[in-house]
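Novice:
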Amino acid sequence: MDLFDQAAAVYEASFPMETWFERALFFSWYCSIRDCTFCFMSAQPKNIEPKTMRRSTESLLAEAILCRVLGWDSGFLSGGINAFTPADMKQLLPTLTAAYGNKFWLNVGPLPRNLLESYRPYLSGVVGALETVNPLLHKKICPSKPMEPYLRMFDEAHALGLQNAMTFIVGVGETKEDLPLLLEIIQRYHISKIHIYSLIPEKGTIYTEKDIPEPLYQAWWIAQVRVHCPTISIQCGIWKDRIAALPILLKAGANSFSKFPATRLFGTARAHDVEQQVACAGRSFRGTLTKLPVINWEDEVQRLPVTDAIKQRVHQKLHQYLGRMQRNVTCGSNLLPVKTGRVPAV
Ligand code: SF4
546 MDLFDQAAAV
556 YEASFPMETW
566 FERALFFSWY
576 CSIRDCTFCF
586 MSAQPKNIEP
596 KTMRRSTESL
606 LAEAILCRVL
616 GWDSGFLSGG
626 INAFTPADMK
636 QLLPTLTAAY
646 GNKFWLNVGP
656 LPRNLLESYR
666 PYLSGVVGAL
676 ETVNPLLHKK
686 ICPSKPMEPY
696 LRMFDEAHAL
706 GLQNAMTFIV
716 GVGETKEDLP
726 LLLEIIQRYH
736 ISKIHIYSLI
746 PEKGTIYTEK
756 DIPEPLYQAW
766 WIAQVRVHCP
776 TISIQCGIWK
786 DRIAALPILL
796 KAGANSFSKF
806 PATRLFGTAR
816 AHDVEQQVAC
826 AGRSFRGTLT
836 KLPVINWEDE
846 VQRLPVTDAI
856 KQRVHQKLHQ
866 YLGRMQRNVT
876 CGSNLLPVKT
886 GRVPAV
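In terms of this note's numbering, the sequence shown opens at residue 546 and continues consecutively.
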């Protein structure tokens with residue numbers, strides 16, 4: 546049996562033949578570090594005012610409602626490092642959890658025990674954005690984001706009964722020889738979920754001209770993790786230009802996928818393509834990227850534990866999203882130009 550057949554067999558023995566889309570919810574586009582070499586934030590001006598990069602609460606709440614109703618899991622709740630103070634986070638988490646109807650994975654940099662304890666009622670677990678595991682490479686690509694605080698957070702989180710997840714980006718300079726290190730970290734730090742992305746060559750970074758990794762290479766990492774860690778949850782990143790890679794990545798053993806601009810491209814030909822690729826991989830798709838359910842959206846807003854003024858703003862924001870999505874579905878707007886979103890890794 547070759548690696549990919551073996552990974553597919555392990556997946557089938559461990560999970561139902563389904564998949565789902567995971568939407569990362571971002572509350573800010575600011576990060577106090579801004580020097581991870583692959584991250585678009587490293588190309589941002591240095592004098593940014595953090596508060597100007599925050600997303601509005603109504604926009605976040607509207608998106609959380611969409612995630613719940615459309616069957617999108619929240620891959621994680623995130624923003625750049627130090628974008629929110631602990632007080633901001635304590636205010637946001639209860640409301641956002643109510644809108645989403647579930648707990649979140651939190652990806653906001655390494656957190657000390659006292660904050661983990663205070664956020665715990667709203668969390669499934671924490672995500673450590675390690676990005677890569679080779680210590681020398683890590684120092685090079687994340688010069689101000691050492692691994693050790695994340696590893697300490699994993700220990701603290703596990704002791705508090707939270708789950709641990711990590712990110713891993715292929716194409717930033719790692720080699721296949723780094724696999725034992727990755728597996729060691731997964732075992733040692735009780736990693737129950739891993740996000741395996743492939744490099745997005747962001748403009749203004751040192752990777753601007755770099756080719757994106759071959760899908761088979763990303764699939765190799767997924768398959769190795771699946772074979773060695775049969776029950777771990779693996780999320781793969783696809784992006785809108787790598788939809789064709791989805792069957793290979795799912796067959797290699799990924800559970801779910803992310804990094805598809807789901808609200809902007811909802812109901813378009815690309816969204817239909819995603820659902821078709823899922824079918825090609827022999828998986829059923831939980832949730833939808835193409836069909837808006839007929840429900841009373843106003844009820845969803847009225848249920849939120851927020852003031853009437855905020856409800857009014859959420860209503861407006863939600864209907865902005867829904868209006869665009871409905872136009873995509875009914876007017877063939879899949880030919881409209883696509884503005885790409887940008888996703889920091891934290
Ligand atoms: S990868 Fe994360 S920590 Fe590094 S600059 Fe980007 S957002 Fe900040």
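Ideal Cβ positions, reconstructed from N, Cα and C, are used throughout, including at glycine.
Of all the options Trp-650, His-740 and Thr-753, which has the alpha carbon lying nearest to the alpha carbon of Gln-763?
Specialist: By 1-based counting over the sequence shown, the position of residue 763 is 218. Of Trp-650, His-740 and Thr-753, the residue nearest in Cα terms is His-740.
Novice: Could you give the distance in angstroms between the alpha-carbon of Thr-630 and the alpha-carbon of Lys-690?
Specialist: Within the sequence shown, the letter at position 85 stands for residue 630. Within the sequence shown, the letter at position 145 stands for residue 690. Approximately 18 Å, taken between the alpha carbons.
Novice: Rounding to the nearest angstrom, what Cα-Cα distance links Leu-834 and Gln-821 in this structure?
Specialist: Position 289 of the sequence shown holds residue 834. Position 276 of the sequence shown holds residue 821. Answer to the nearest angstrom: the Cα atoms are 11 Å apart.
Novice: Quick check: is any heavy atom of the ligand SF4 less than 8 Å from the C-beta of Arg-600?
Specialist: Indexing the sequence shown from 1 puts residue 600 at position 55. Result no, Cβ not under 8 Å from the ligand SF4.
Novice: Between Leu-696, Ala-704, Val-874 and Lys-738, which lies nearest to Gly-812 when the distance is taken from Cα to Cα?
Specialist: Here residue 812 is taken as the residue at index 267 of the sequence shown, counted from 1. With distances taken between Cα atoms, Gly-812 lies closest to Val-874.
Novice: Keeping to the same chain, check which residues put their C-beta closer than 7 Å to that of Asp-618; ignore five residues upstream and five downstream.
Specialist: Position 73 of the sequence shown, counting from 1, holds the residue named residue 618. Within the same chain, Asp-618 has close Cβ partners Trp-565, Glu-567 and Ser-801.
Novice: Please tell me whether Asn-652 and Arg-613 are closer than 9 Å, where the distance is taken between their beta carbons.
Specialist: By 1-based counting over the sequence shown, the position of residue 652 is 107. By 1-based counting over the sequence shown, the position of residue 613 is 68. No, they are not a contact pair.
Novice: Considering only residues of the same chain and omitting the five flanking positions on each side of Val-851, which have a CB-CB separation below 7 Å?
Specialist: Against the sequence shown, residue 851 aligns to sequence position 306. Closer than 7 Å at Cβ, skipping near neighbours: Thr-640.
Novice: Can you list the beta strand (DSSP E) stretches of 3 or more residues lying completely in the region 820-866, in chain order?
Specialist: The qualifying runs are 829-831.
Novice: Which runs of the beta strand (DSSP E) at least 3 residues long sit entirely within the region 553-622? Give them in chain order.
Specialist: DSSP runs (the beta strand (DSSP E)) wholly in the region 553-622: 563-571.
Novice: With a threshold of 16 other CB atoms inside 10 Å of the CB of Arg-733, please say whether the residue is buried or exposed.
Specialist: As a working mapping, residue 733 is identified with position 188 in the sequence shown. It is exposed - the Cβ of Arg-733 has fewer than 16 other Cβ atoms within 10 Å.
Novice: For Gly-716, verify whether its CB is less than 8 Å away from any heavy atom of the ligand SF4.
Specialist: Here residue 716 is taken as the residue at index 171 of the sequence shown, counted from 1. Answer for Gly-716: no, Cβ out of range of the ligand SF4.
Novice: From Ala-768 to Pro-806, what distance separates their C-alpha atoms?
Specialist: Locating residue 768 in the sequence shown gives position 223, counting from the first residue. Locating residue 806 in the sequence shown gives position 261, counting from the first residue. Each residue's alpha carbon lies about 25 Å from the other.
Novice: In three-state DSSP terms, what is Val-678?
Specialist: As a first step, residue 678 is located in the sequence shown; it is residue number 133 there, counting from the start. Three-state result, Val-678: coil.
Novice: Could you give the distance in angstroms between the alpha-carbon of Ala-553 and the alpha-carbon of Asp-818?
Specialist: Counting from one through the sequence shown, the residue named residue 553 turns up at place 8. Counting from one through the sequence shown, the residue named residue 818 turns up at place 273. If I take the Cα positions, the gap works out to 22 Å.
Novice: Hey, how far is the Cα of Cys-576 from the Cα of Asp-547?
Specialist: Position 31 of the sequence shown, counted from the start, is the residue given in the question as residue 576. Position 2 of the sequence shown, counted from the start, is the residue given in the question as residue 547. Each residue's Cα considered, the two are about 42 Å apart.
Novice: Am I right that Leu-849 and Leu-605 are in contact with their C-beta atoms under 8 Å? What's the rounded C-beta distance?
Specialist: In the sequence shown, the residue the question calls residue 849 occupies position 304. In the sequence shown, the residue the question calls residue 605 occupies position 60. Actually they do not touch by this definition, with Cβ atoms about 11 Å apart.
Novice: In whole angstroms, what separates the C-alpha of Gly-673 from that of Ser-803?
Specialist: Position 128 of the sequence shown, counted from the first residue, corresponds to residue 673. Position 258 of the sequence shown, counted from the first residue, corresponds to residue 803. Their Cα atoms are separated by approximately 17 Å.
Novice: Could you pull out every unbroken alpha helix (DSSP H) segment of at least 4 residues lying fully inside the region 720-804, listed in chain order?
Specialist: For the region 720-804, whole alpha helix (DSSP H) runs of length 4 or above, ordered along the chain, are 724-733, 760-773 and 791-796.
Novice: With Leu-795 and Arg-828 assumed to form a contact (beta carbons below 8 Å), what rounded beta-carbon distance in angstroms separates them?
Specialist: Residue mapping note: residue 795 aligns to position 250 of the sequence shown, counting from 1. Residue mapping note: residue 828 aligns to position 283 of the sequence shown, counting from 1. The pair is a contact, with the Cβ atoms about 6 Å apart (cut-off 8 Å).
Novice: Pull the bridge partners of Val-672 from the DSSP assignment, please.
Specialist: Counting from 1 along the sequence shown, the entry for residue 672 is found at position 127. DSSP lists Ala-710 as partners of Val-672.
Novice: Could you check if Ser-601 is buried or exposed, using at least 16 other CB atoms within 10 Å of its CB as the buried criterion?
Specialist: The count along the sequence shown starts at 1 and reaches residue 601 at position 56. That one is exposed.
Novice: Can you tell me which residues form a DSSP beta bridge with Phe-649?
Specialist: Position 104 of the sequence shown, counted from the start, is the residue given in the question as residue 649. Answer by DSSP bridge pairing, in chain order: Leu-668.
Novice: Buried or exposed: which applies to Glu-845, given that a residue is buried once 16 or more other Cβ atoms fall within 10 Å of its Cβ?
Specialist: For this step, residue 845 is matched to residue 300 along the sequence shown. Burial call: buried.
Novice: Measure the Cβ-Cβ separation of Val-717 and Ile-686 and say whether it is below 9 Å.
Specialist: To locate residue 717, count along the sequence shown from 1; it is residue 172. To locate residue 686, count along the sequence shown from 1; it is residue 141. Their beta carbons are under 9 Å apart, which means Val-717 touches Ile-686 by this criterion.
Novice: Using 8 Å for Cβ pairs, my map puts Gly-670 next to Ile-626. What's the rounded Cβ distance?
Specialist: Along the sequence shown, read from residue 1 onward, the residue named residue 670 stands at position 125. Along the sequence shown, read from residue 1 onward, the residue named residue 626 stands at position 81. Gly-670 to Ile-626, Cβ: 18 Å. No contact.
Novice: Quick check: the Cα distance between Gly-706 and Arg-872, rounded to an integer number of angstroms?
Specialist: Numbered from 1 along the sequence shown, position 161 holds the residue referred to as residue 706. Numbered from 1 along the sequence shown, position 327 holds the residue referred to as residue 872. Taking the straight line from one Cα to the other gives about 44 Å.
Novice: Less than 8 Å between C-beta atoms, sequence neighbours within five positions excluded: which residues of the same chain meet that for Met-870?
Specialist: Here residue 870 refers to the residue found at position 325 of the sequence shown. If we look at Met-870 and ignore the five residues flanking it on each side, its Cβ neighbours are Thr-808, Phe-811, Gly-812 and Leu-837.
Novice: Using only the heavy atoms of the ligand SF4, determine whether one of them is closer than 8 Å to the beta carbon of Met-692.
Specialist: To locate residue 692, count along the sequence shown from 1; it is residue 147. Answer for Met-692: no, Cβ out of range of the ligand SF4.
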